[in-house]
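**Student:**
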Amino acid sequence: MVSSQLFTFISKIFCKLHSNSLEFGGIPVLVIGDLAQLPPVKRDPVFYSPLWKTFFPLFLRKSCRQQDDDEFFQILQEVRIGILSEQTIQAIKLKVEMYQEQNNTTLDTTYIVSHRKMAQTINSIISTKLPSFNSNEESFTSISVDSVNNEQWNRSQSEKAFMHYTNYPVELVLSVGTRVMFLNNTQFKHGLYNGSIGIVMKICSQESVEVAFPLTDGIKTFTIQKDTVFFTFNGMPAKRTQFPLQNAFALTVHKTQSITLPHSTLSLDESIFACGQAYIAMSRSPSWDKLDITSFNINSIKTDKRVLEEYNRLQEIYNNNISKFFT
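Note that numbering that gives the first Met the number 0 gives residue 58 to position 59 of the sequence shown, counting from 1, and the numbers run on in steps of one.
1. Could you give the uninterrupted runs of the beta strand (DSSP E) lying entirely in the segment 86–122, keeping only those of 3 residues or more?
2. Using a Cβ distance threshold of 8 Å, determine whether the segment 0–9 contacts the segment 45–65, with at least three qualifying pairs required.
3. Are three or more beta carbon pairs between the segment 281–290 and the segment 303–317 nearer than 8 Å?
4. Under a Cβ-count criterion, where at least 16 other Cβ atoms within 10 Å of its own Cβ denotes burial, should residue 58 be classed as buried or exposed?
5. Looking at C-alpha atoms only, which residue of 115, 186, 183 is the closest neighbour of residue 158?
6. From the DSSP secondary-structure annotation, give me the bridge partner or partners of residue 315.
7. Using only the alpha-carbon positions, how far apart do residue 241 and residue 88 sit?
8. Pick helix, strand or coil for residue 211, following the three-state DSSP scheme.
9. Below 8 Å on the Cβ atoms is my guess for residue 146 versus residue 237; work out the distance and round it to an integer in Å.
10. What residues are listed by DSSP as bridge partners for residue 305?
11. For the segment 166–184 and the segment 221–233, state whether three or more C-beta atom pairs, one from each stretch, are separated by less than 8 Å.
12. State the start and end residues of the unbroken alpha helix (DSSP H) segment that holds residue 281.
13. Quick one: what's got a C-beta closer than 7 Å to residue 82's C-beta in the same chain, skipping five residues either side?
14. With a Cβ-Cβ cutoff of 8 Å, do residue 174 and residue 126 count as a contact?
15. CB-CB under 6 Å to residue 264, same chain, minus the five flanking residues each way: which ones, in chain order?
16. Using 8 Å as the threshold, is the C-beta distance between residue 296 and residue 267 below it?
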């Protein structure tokens, strides 16, 4: 989510660009989002910005992702506000029972987890179990090349230090059949964007792989090469060279924001530590039957009270003023 600090900063940038002291440089601005999703990391929520109160709220009531499963959509609305009916609790518990009784294929789902380390572990286990992994020509592990101030850093130095500067991973397992996520927008004009998920089809070299991505106009294969991202670290020039890909048999909740997954598996347990995590994780699926839940603790369903209070305030503004637009 955009923080209040970033929201205010964007407005100031527009003011400078348009040489206008009015909010956002005096241009019309439409802000779309869901306050009940993940909060900003170590920042205030967007509605703490004084600019927020200059907007008039409108509410979108129809789900596009779950448009064919209204019952699931209603379950998600309860999870979203953190208040579950007994019917929803029983439905989730039944999901857990069904998962424990069925034979699951790890390659048919995406595991959504709370912590990056858990995602890395699952990805490593599944990727190294693929038949192609034991073939030298069809698999390899790509380790990032990192440097600060033209001095090369090893993994122990850069793994945590670079975490908030680049989304390119330190380690990437690549083999034919590996599921990966694309991590930049350099191919946006071709329909490929940050968050697109595909399958490695061919290992061309240690510097190049072919990945097939399902796009809106069909499945397309792209040649993905290593890329270098530049940034400033502690006042010094730094860079990382790596494929703009990450393994995607398992993803963190944070990484799944805004994307739709054809099938997902998750645990609603004590690993859920932030408000909105359970809601985001569950709502990546288009329908209830495309979601597996491995465990359930009702304490995992968390919603920020400040968000609920803000939505009540926005709803009151809407109710008291919407008629003015139609008279």
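Glycine included, C-beta positions come from ideal geometry on N, C-alpha and C.
**Tutor:** So, to answer that:
1. 109–112
2. yes
3. no
4. Exposed is the call here.
5. 115
6. In DSSP, residue 315 forms no bridge with anything.
7. 44 Å
8. strand
9. 7 Å
10. Partner residues in a beta bridge of residue 305, as assigned by DSSP, do not exist.
11. yes
12. Counting along the chain, the alpha helix (DSSP H) containing residue 281 begins and ends at 276–281.
13. none
14. When the beta-carbon positions are compared, residue 174 and residue 126 come within less than 8 Å of each other.
15. 108, 110, 291
16. yes
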